[in-house]
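S.K.: Line by line, the protein sequences are chains S and F. Each number in this note's numbering comes from the position in the first sequence (counting from 1) with 6 added on. Each number in this note's numbering comes from the position in the second sequence (counting from 1) with 6 added on. Got a structure for you, written out below as structure tokens; questions coming shortly.
Protein chains: 2
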Amino acid sequence: MQADHLLFTGVIRGSDDNKLGNVVESWSMSHHSADDADPKPSRIQMRNRKRILEAALDVFSQHGYRGATLDQIAESAGLSKPNILYYFSGKEDIHVTLLNGLMDTWLAPMREIDPEGDPLNEILRYVRRKLEMSREFPRESRLFANEVLQGAPRIGPHFGADLKPLVDETAQLIESWSKQGRLAPVDARHLIFSIWSTTQHYADFDAQVQALLPDDDTHAGAQEFLDTLYKRLLSP
Amino acid sequence: MQADHLLFTGVIRGSDDNKLGNVVESWSMSHHSADDADPKPSRIQMRNRKRILEAALDVFSQHGYRGATLDQIAESAGLSKPNILYYFSGKEDIHVTLLNGLMDTWLAPMREIDPEGDPLNEILRYVRRKLEMSREFPRESRLFANEVLQGAPRIGPHFGADLKPLVDETAQLIESWSKQGRLAPVDARHLIFSIWSTTQHYADFDAQVQALLPDDDTHAGAQEFLDTLYKRLLSP
DNA sequence: GCGTTTTTTTACCATATGGTAAAACAACGA
DNA sequence: TCGTTGTTTTACCATATGGTAAAAAAACGC
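Listed below in structure tokens is the structure:
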């Protein structure tokens, strides 16, 4: 799977059990009475919902929830505002849909940490993937950052449901590695925070990074630095 | 100077050559013709501008620029909206004033790195101070994060003027330390980014951190982790 | 082709919001 | 105390914005 589309990958590719699939499902739910089976969304529904979410990702990630307007989203999607409200029940619905769809994808790299793999190697691979995501999907990163910055009013519930179990599990794995002496001892949760913050920094604070860095080499430099950082921290 | 008041320290404490002092000065500038000398702002002006900026810091840091409303600021400041516009020329003026006042303070810890001190010690002290600032001044951190996330539309100019020279200088210092073998070799600029991101993370992503951490020990744990992180990275 | 359903457009609305004018009021110096 | 200056309130306004109703236009099933 190429890394040039995250949020909308599966749908674009045509698979049917994925983020946008769920998204469309949830739409059906909100427009039909609960008794009839979900009629499969038409080609045109798929296309337009996709367009809207794409446009909304642009706008929300750039201006934040309140800073974004339906008109901007509509314009960017090439649809009229009422038309957008035909597909989504409101501004918040779009935002939540985006956030929900993003969650799984965002956590995927952590899920891919292999308990059977070489500890240091697994962590370094995770760091690299997270950094890659910052480069490839800065909009998603900023959407997320905006939401959490404002106190996670809309995604907060997911923290307990999806994020926490995964983090707990991963932290346990890392700490078991530490105890076995296969990693230098660290607080696994703070380690995870540091990985998130250092990698996402390059997307979320891009304006600052660009202003301070000689340019172009940004990502290569970051990659190398983070590699060194976590090698020195974690080598047993 | 204690670290329990950042942006408004001096004024609250009554000293007169500090951020808010400058803030008030800039106000005078915008309300009088340029030919007469600045009449010193009255007690009441100081007090009300202070209140407004305090309230605005609350509101802007919580909701972002566009998410914040003058009415919220007014309410929080205990003044009427038109009254607020008597002291500031508009919403943007308040925001810019806040950001400008914050800049110096935000950079202070970096300025305090002592070229004569012990390298590792100086960096660790810097990390600790930054982390402390995240704990003590989360609003300021979020205000900043919000601004940079949106592309630094209002603070961008400062990057070239204030931030870049200081970062360049500090990076040079760190790299000279590296070359002298007093620090393990690192890319100084990425090191700085990592310090910023890991420390500010605890303020900016507090909603997430709180959801994932067993609680209370948050800061002690962070402190210890970051200490370890940078010791292992930088010990020669 | 034709009736039915889905999609899109046109024309609105209510509210929120940044901002202003000018009157009322308070403080202050003479 | 009076006039002047500085401060606050009252009453507004223009625009932006999220959202709706209902007609018009496509699409679709047969």
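For every residue, glycine included, the Cβ atom is placed at its ideal position computed from N, Cα and C.
1) Name the residue from F/Glu230, F/Ala228, F/Leu91, F/Ser184 whose alpha carbon lies nearest to the alpha carbon of F/Pro125.
2) Where F/Asp168 and S/Pro163 are concerned, what is the direct C-alpha to C-alpha distance, given to the nearest angstrom?
3) Is F/Ala43 helix, strand or coil when you go by DSSP?
4) Quick check on the burial criterion: 16 or more other C-beta atoms within 10 angstroms. Buried or exposed for S/Asp222?
5) Grab me the residues of F/Ile180's own chain with a C-beta within less than 6 angstroms of its C-beta, minus the 5 sequence neighbours each way, in chain order.
6) Beta carbon of F/Ala114: closer than 7 angstroms to some heavy atom of the ligand MG?
7) Apply the 10 Å Cβ neighbour rule to S/Gly187 and answer buried if 16 or more other Cβ atoms are within range, or exposed otherwise.
8) Spell out a yes or no on whether the region 117-132 of chain F and the region 81-97 of chain F are touching, meaning 3 or more CB-CB pairs, one atom from each, closer than 8 angstroms.
9) With 16 as the cutoff for other CB atoms within 10 Å, does S/Ile100 come out buried or exposed?
10) According to DSSP, is F/Leu232 helix, strand or coil?
11) Compare the C-beta of F/Val65 with all C-beta atoms of chain S and state if any pair is closer than 8 angstroms.
12) Look at the alpha carbon of F/Gly123 and the alpha carbon of F/Asp110, and state the distance between them as a whole number of angstroms.
13) Per the contact definition of three or more C-beta pairs closer than 8 angstroms, is the region 208-227 of chain S in contact with the region 137-151 of chain S?
14) Using three-state DSSP, classify S/Leu226 as helix, strand or coil.
15) Report yes or no: is there a C-beta of chain F within less than 8 angstroms of the C-beta of S/Asn152?
16) Check S/Gln216 in the structure and name its three-state DSSP category.
17) Considering only residues of the same chain and omitting the five flanking positions on each side of S/Leu85, which have a CB-CB separation below 8 angstroms?
18) From F/Ala213 to S/Val154, what does the alpha carbon distance come to, in whole angstroms?
19) What's the C-alpha gap between S/Val102 and F/Pro121?
20) The alpha helix (DSSP H) spanning S/Phe94 covers which residue range?
21) Starting from S/Val133 and walking both ways along the alpha helix (DSSP H), at which residues does that stretch end?
22) For F/Val65, I'd like the list of residues in its chain whose CB is within less than 8 angstroms of its CB, leaving aside the five on either flank, ordered along the chain.
23) Do you know offhand how far S/Lys87's Cα is from S/Ser95's?
24) Alpha carbon to alpha carbon, what distance is there between S/Leu197 and F/Gln229?
25) When the Cα atoms are used, what is the spatial distance from F/Glu142 to F/Ala151?
26) Return the CA-CA distance between F/Ile161 and S/Ser182, expressed in angstroms with no decimal places.
27) If you drop the 5 nearest sequence neighbours on each side, which residues of the same chain put their C-beta closer than 6 angstroms to that of S/Pro159?
28) Excluding the 5 residues flanking S/Tyr236 on each side, which residues of the same chain have their C-beta closer than 7 angstroms to its C-beta?
29) Please check if any C-beta of chain S sits within less than 8 angstroms of the C-beta of F/Ala217.
30) Figure out for me which residue from F/Arg49, F/Asp174, F/Ile50, F/Arg238 has the closest Cα to the Cα of F/Leu113.
31) Can you check whether the CB of S/Ala190 is closer than 8 angstroms to the CB of S/Leu239?
32) Tell me the DSSP secondary structure of S/Phe66 in three-state form.
33) Using the three-state DSSP reduction, which class does F/Glu3 fall into: helix, strand or coil?
M.R.: Based on what the coordinates show:
1) F/Pro125 has its Cα closest to that of F/Ser184, out of F/Glu230, F/Ala228, F/Leu91, F/Ser184.
2) Counting only the Cα atoms, S/Pro163 lies some 40 angstroms from F/Asp168.
3) Because F/Ala43 sits at a pLDDT of 37, beneath the cut-off of 50, its placement in the model cannot be relied upon, and the following sentence gives the value as read from the coordinates. Reduced to three states, the DSSP call for F/Ala43 is coil.
4) Classification of S/Asp222: exposed, given that the 10 Å Cβ count is below 16.
5) Non-local beta-carbon contacts of F/Ile180 in its own chain, meaning distances under 6 angstroms to residues more than five positions away in sequence, involve Ala194 in chain order.
6) This structure lacks the ligand MG, and indeed carries no ligand of any kind.
7) S/Gly187 is exposed by the Cβ-count criterion.
8) No, the region 117-132 of chain F is not in contact with the region 81-97 of chain F.
9) Note on S/Ile100: 16 or more other CB atoms within 10 angstroms of its CB, so buried under the neighbour-count rule.
10) F/Leu232: helix per DSSP, three-state reduction.
11) Chain S, which has no Cβ nearer than 8 angstroms to the Cβ of F/Val65, makes this no.
12) Rounded to whole angstroms, F/Gly123 to F/Asp110 spans 22 angstroms at the Cα level.
13) Enough Cβ pairs lie closer than 8 angstroms, so yes.
14) Checking the sequence, you will find Ala at residue 226 of chain S rather than Leu. The three-state secondary structure of S/Ala226, taken from DSSP, is helix.
15) Closer than 8 angstroms to some Cβ of chain F, the Cβ of S/Asn152 qualifies, so yes.
16) Helix at S/Gln216.
17) If we look at S/Leu85 and ignore the five residues flanking it on each side, its Cβ neighbours are Asn54, Arg57, Ile58.
18) It is roughly 6 angstroms from the alpha-carbon of F/Ala213 to the alpha-carbon of S/Val154.
19) Looking at the backbone, the Cα of S/Val102 and that of F/Pro121 are separated by about 49 angstroms.
20) No alpha helix (DSSP H) holds S/Phe94; DSSP gives it neither H nor E.
21) Looking at the DSSP string, the run of the alpha helix (DSSP H) that includes S/Val133 is 125-142.
22) Result list for F/Val65: Ala74, Thr75, Gln78, Ile79, Ser82, in chain order.
23) A straight line joining the alpha-carbon of S/Lys87 with that of S/Ser95 spans about 12 angstroms.
24) Roughly 12 angstroms separates the two Cα atoms.
25) F/Glu142 and F/Ala151: Cα-Cα distance of roughly 16 angstroms.
26) Put simply, the backbone Cα of F/Ile161 is about 45 angstroms away from that of S/Ser182.
27) Within the same chain, S/Pro159 has no close Cβ partners at all.
28) Cβ neighbours of S/Tyr236 beyond the five flanking positions: Ile129, Leu130, Val133.
29) So, interface residue.
30) When each option's Cα is compared against that of F/Leu113, the closest is F/Asp174.
31) It is a contact, given that the beta carbons lie within the stated cut-off.
32) Helix.
33) Because chain F is modelled from 7 through 242, residue 3 of chain F falls outside the range shown and cannot be assessed.
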